[in-house]
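Below you'll find the structure, written out as structure tokens, and then a few comments.
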Amino acid sequence: MGVNPSLSARISGVGAFVPPKVMTNHDLEKLMDTSDEWIVQRTGIKERRWVEQNVSTTDLGFEAAKAAIADAGLKKEDIDMIIFATLSPDHDFPGNACFLQDKLGLAGIAALDIRQQCSGFIYGLSIADKFICSGSHKNILLVGGEVHSKGLDRSPKGRAVSVLFGDGAGAVVVSATEVKDPKKDGHIIATNLHADGAYAKELWLPAPGTGFDDPDRMSMKMFEEDMHYPQMNGKTVFVHAVKRMCETLVHSVTSSGFSMQDVDLFLFHQANMRINDKVGEVLEIPAEKVFNTIQKYGNTTAATIPLGMSDAVKAGKLKRGMLVASAAFGSGFTWASGVWRY
Ligand code: ACO
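The numbering used here applies: residue 140 is where the sequence shown begins, and numbers increase by one.
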């Protein structure tokens, strides 16, 4: 099959879903020794969503997916591949894309999981873009979804990490298109993907896993040592996040032939308001061009960018034809950026 050089990929639809249960900082004060003041000052987070016990990551992804497919004006049968980015899958294996595919009733199409944590959505967007531009696929459903609440240490000793994360899902449909007017027509212009595994243990979930001197993937010893809870060196993450997000964002924008001033809207990963404020300060980005959602959702990892995109559309801040630049940083360390005309 020859590749059509005028073939591009565009985001044809966007959707999101968050569980209805709101957990405010004051609610967390009842579970652990923390305060609204500490959380707001250090992170900008005021509240986040937590699922009910019987809700999984693909349940959230399913709702976001249906909304994105409807927004694209498509039927679910038009989707020819599912990509699911998550670090909190329903089960260890198979991946969430398979479970979501079954919920959608789309047996037979390709289903792929991405394990790139906070950078997972942009990694997925890059993969979808390449599959579309190769001519092999026409409409790819890309979902970023997390249920963090079930994997956090909600006891007093978990406070340093557990206040940061929330549950939610966002989805886009990436569709084939031919761009007639690059200044108006929606298309993905660039994606850049990076990682440095030397920092893998600065932000990680050690267990279950085979990387222990233990016959079992999960043992009582791992439980007792809290290896089944996320471990984070917050200060190292902060410093690297600012540096890498600035680097990759500028690279994606300028190597696409734009200046930072040309960008209409910046959609950053939502780990911490202070990280995004610092990126904005270093790159002299006007605050009104940055769309943040961390105040109300916390860090939803792979979901933050599509969730933000969906909220920005609903708020009238993101309109068709606008130039969007996005950057993310997270566990791995991984980092990534993208530029697209919406
Ligand atoms: N409530 C109250 N006090 C707390 C809490 C809490 N939830 N958590 C920690 N503290 C205490 C600590 O015990 C410490 O007390 P001490 O001084 O008596 O020892 C004090 O607050 C300061 O703790 P630090 O860890 O030094 O706090 P810091 O100012 O570094 O802020 C934070 C922590 C917010 C995690 C910060 O390091 C940060 O923003 N890091 C970036 C990492 C991040 O955002 N990760 C999100 C996930 S990763 C991603 O998506 C990229």
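The C-beta atom is built at its ideal place from N, Cα and C for all residues, glycine as well.
Distance from the Cα of PHE232 is smallest, within the candidate group LEU213, ILE221, ALA246 and ASP252, for ASP252. Closest in C-alpha terms to MET220, from the list ILE266, ALA209 and GLY212, comes ILE266. In the structure shown, TRP479 adopts extended strand secondary structure according to DSSP, grouped into three states. Counted as a single uninterrupted DSSP element, the beta strand (DSSP E) harbouring MET220 occupies residues 220-224. Beta bridge pairing from DSSP links SER314 with ARG149 and ASN278.
Contact between the stretch 427-435 and the stretch 181-191 is present, with at least three C-beta pairs closer than 8 Å. Here ILE327 carries a strand assignment [DSSP, helix/strand/coil].
DSSP places LEU404 inside the beta strand (DSSP E), whose first and last residues are 404-407. Remark: C-beta atoms of LEU446 and GLY274 do not approach each other more closely than 8 Å. DSSP places GLY469 outside any alpha helix (DSSP H); the residue lies instead in the beta strand (DSSP E), whose first and last residues are 462-469. About 5 Å separates the beta carbon of PRO369 from that of VAL300, a gap short enough to meet the 8 Å contact definition. Here the stretch 149-161 makes no contact with the stretch 406-426; the two share fewer than three CB pairs at distances below 8 Å.
With a cut-off of 8 Å on Cβ pairs, the stretch 223-230 is in contact with the stretch 280-298, counting three or more such pairs. Taking all protein chains in view, the Cβ of SER465 is crowded by 16 or more other Cβ atoms within 10 Å, so the residue is classified as buried. Sixteen is the threshold: when 16 or more other Cβ atoms of the shown chains lie within 10 Å of the Cβ of ARG149, as they do, the residue is buried.
Taken from the Cβ of MET399, every heavy atom of ligand 1 lies 7 Å or farther away. In this structure, the beta-carbon distance from PHE270 to LEU243 does not fall below 8 Å. Counting only unbroken stretches of 3 or more residues, the beta strand (DSSP E) elements lying wholly within the stretch 169-257 are 186-188, 220-224 and 249-253, in sequence order. Taking 8 Å as the cut-off, the Cβ atoms of GLY477 and SER391 count as close. Taking a cut-off of 8 Å on C-beta distances, the stretch 286-296 touches the stretch 167-183, as three or more cross pairs fall below it.
With a 10 Å radius around the Cβ and a threshold of 16 neighbouring Cβ atoms, HIS230 comes out exposed. Going by C-alpha positions, SER398 is about 14 Å away from MET461. Burial state of PRO425 is exposed, judged by a 10 Å Cβ sphere holding fewer than 16 other Cβ atoms.
Considering only PHE430, LEU199, GLY471 and ALA441, the residue with the shortest C-alpha distance to LYS453 is PHE430. HIS165 is classed as exposed because its beta carbon has fewer than 16 other beta carbons within 10 Å across all chains shown. If you check the C-beta of PHE201 against ligand 1, you find no heavy atom less than 7 Å away. ILE444 is the residue among GLY471, ILE444 and PHE472 whose C-alpha sits nearest the C-alpha of VAL463. For VAL376, the Cβ falls inside the 7 Å cut-off from some heavy atom of ligand 1.
Ranked by Cα distance from ILE178, the first of MET361, LEU303, PHE362 and LYS215 is LEU303. Within the DSSP secondary-structure output, ASN438 pairs in a beta bridge with PHE304. By the Cβ-count criterion, ALA250 is buried, with 16 or more other Cβ atoms from all chains shown falling within 10 Å of its own Cβ.
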